[in-house]
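According to my numbering, the sequence shown is numbered sequentially starting from 1.
One structure below.
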Amino acid sequence: TEAVPGTVDTCPQCLAPKAQKTIAVLGAGAMGSLFGALLSSAGNKVHLIGRNREHLDKIRKEGLLVEREGECRLYRNLQVSLPGDPLGPADLVLVLVKAGDTQGAVLENRGIFGKGTVVLTLQNGLGNMEDLAAFLPPSRILAGTTAQGARLAEPGRILHGGDGTTWIGRMEQSEDVLLRDTAALLEEAGIQTRTTGDVAALLWDKLLVNVGINGLTALTRRTNGQLLEHPDTADLLEHLVREGEAVARAKGITLLHPDPVAYAREVCRKTAHNRSSMLQDVERGRTTEIDRMNGAVVREGEILGIPTPANRTITQLVRGVMP
Ligand code: KPL
């Protein structure tokens with residue numbers, strides 16, 4: 001019989017599904033749906049929890065279609081739920097709601113967090129681990145960044161832009177074994193994953209890219225690549241990142257990319273046709289993550305006495321366009 005891509009692999013001896021973990025994905029946007037699909041195809045029981053009813057209905061009725069370089073895969077094993085639906089504790093909760101919505105999402109979905117649940121945030125910006133730790137044991141919290149590319153083309157259909165590395169690390173108090181097991185779980189699902197002992201460096205490295213790109217693309221409606229083609233935005237990008245770099249260094253962060261401006265430019269080139277997540281938020285009339293990106297640089301700079309005028313201005317401008 002023809003294999004249906006995305007269905008559960010079975011053990012050849014007993015025909016039982018392989019190593020099933022229960023995974024809840026909080027946030028069924030493009031990235032949450034992609035991770036959910038990949039994890040489900042490795043035999044895990046995945047629950048996608050989101051607010052986009054049309055998207056969830058489509059997945060419930062027809063499955064999730066993931067397109068990559070002209071090839072389509074249909075993932076039929078995803079369970080879908082609305083926030084607050086009664087669900088039991090998961091082995092892993094993957095947090096991919098918008099930064100700033102984390103605490104509300106945790107409170108609304110308390111049932112998915114049990115004693116043994118590991119919680120992994122792959123959200124953009126600063127403050128997500130701390131938001132989780134306000135309600136959950138820090139010893140179970142992991143955080144990371146992902147360079148996977150995903151875009152919601154229409155309800156039930158995701159465009160998978162490429163397989164960038166996913167890096168994960170742990171909060172100070174959490175055990176190393178949780179990190180290794182979680183990395184193995186992601187790897188088994190075909191998600192290229194690395195671990196690090198310095199989660200702050202990881203988060204600041206990605207933050208400085210977002211600080212340079214996201215607000216500027218949202219205000220100018222330019223794609224990531226177009227930022228470099230125009231001297232005005234190319235110059236502003238450099239200013240924003242350099243201010244963030246000064247704050248990171250004053251905090252004692254050892255950035256993974258020693259020249260964060262060069263790195264932000266490289267990301268612009270590699271994702272030249274992308275409309276950044278913040279540009280998409282503004283276009284759809286949604287709240288942006290500016291407070292967790294440039295706004296976070298301003299707040300940290302204030303604490304350390306580092307001036308951040310460009311980041312302050314862009315935060316105020318984006319708030320003016322879309323709070
Ligand atoms: O993370 C991103 C985002 O859009 O939020 C970048 C890296 C800028 C890619 O678009």
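Beta carbons: idealized from backbone N, C-alpha and C, even for Gly.
Every value quoted in this text rests on a predicted model; they were computed, and no experiment measured them.
With 16 other CB atoms within 10 Å as the buried threshold, where does T1 fall?
Unreliable positioning characterises T1 in this predicted model, as indicated by a pLDDT of 24, which lies under 50. A coordinate reading is not provided.
In angstroms, rounded to a whole number, what distance separates the CA positions of L122 and A296?
Distance between the alpha carbons of L122 and A296 is about 17 Å.
So what's Q148 in DSSP terms, helix, strand or just coil?
In the structure shown, Q148 sits in a strand (DSSP, three-state: E or B).
In the DSSP assignment, find the beta strand (DSSP E) that holds T166 and state where it starts and stops.
According to the DSSP assignment, T166 belongs to the beta strand (DSSP E) that extends over R157 to R170.
Can you tell me which of K251, L87, G125 and L142 puts its alpha carbon nearest to the alpha carbon of R110?
Nearest in C-alpha terms to R110, of all of K251, L87, G125 and L142, is L87.
Which residues mark the beginning and the end of the alpha helix (DSSP H) in which K206 is found?
Taken as a continuous stretch (DSSP letters only), the alpha helix (DSSP H) holding K206 covers V199 to T220.
Using 10 angstroms around the beta-carbon of P5, count the other beta-carbons present and answer buried if the total reaches 16, otherwise exposed.
Annotation note: pLDDT 44 at P5 (below 50); position unreliable, no value reported.
How would you label A90, buried or exposed, when you count the other beta carbons within 10 angstroms and need 16 or more for buried?
Buried.
If the criterion is Cβ atoms closer than 8 Å, does the pair V247 and G169 meet it?
No, the pair does not count as a contact, with Cβ atoms beyond the cut-off.
Less than 8 Å separating the beta-carbons of V261 and E238?
In contact: V261 and E238 (Cβ atoms closer than 8 Å).
Cβ neighbour criterion (16 or more within 10 Å) applied to T271:
Under a 10 Å Cβ-count criterion, T271 is classified as buried, with 16 or more other Cβ atoms of the shown protein chains found around its own Cβ.
Could you tell me the boundaries of the alpha helix (DSSP H) in which K58 lies?
Start and end: R53 to E62.
Whose CA, out of A24, P309 and V177, lies closest to the CA of G114?
Check the Cα spacing between G114 and each of A24, P309 and V177: the tightest is with A24.
If you compare alpha carbons, which of T308, I158, D232 and R76 is closest to V331?
The shown model of the chain, from 1 to 323, leaves out residue 331, and the question about it has no answer.
Report yes or no: do the stretch 61-73 and the stretch 88-108 share at least 3 C-beta pairs separated by less than 8 Å?
Pairwise C-beta distances place the stretch 61-73 out of contact with the stretch 88-108, as fewer than three of them are shorter than 8 Å.
If you compare alpha carbons, which of G190, A153, S40 and Q173 is closest to G164?
Ranked by Cα distance from G164, the first of G190, A153, S40 and Q173 is G190.
Can you tell me whether V177 is buried or exposed, with buried defined as 16 or more other CB within 10 angstroms of its CB?
Under a 10 Å Cβ-count criterion, V177 is classified as exposed, with fewer than 16 other Cβ atoms of the shown protein chains found around its own Cβ.
Can you tell me the Cα-Cα spacing of A16 and K45, whole angstroms?
Note that A16 has pLDDT 48, beneath the 50 cutoff, so the model's placement of it is unreliable and the number below is only indicative. Separation of A16 and K45 (C-alpha to C-alpha, rounded to the nearest whole angstrom) is 13 Å.
Can you give me the Cβ contacts of M129 inside the same chain, cut-off strictly under 7 Å, excluding the 5 residues immediately before and after it?
So the list reads T121, I141, A143 and M171, once near-sequence residues are dropped.
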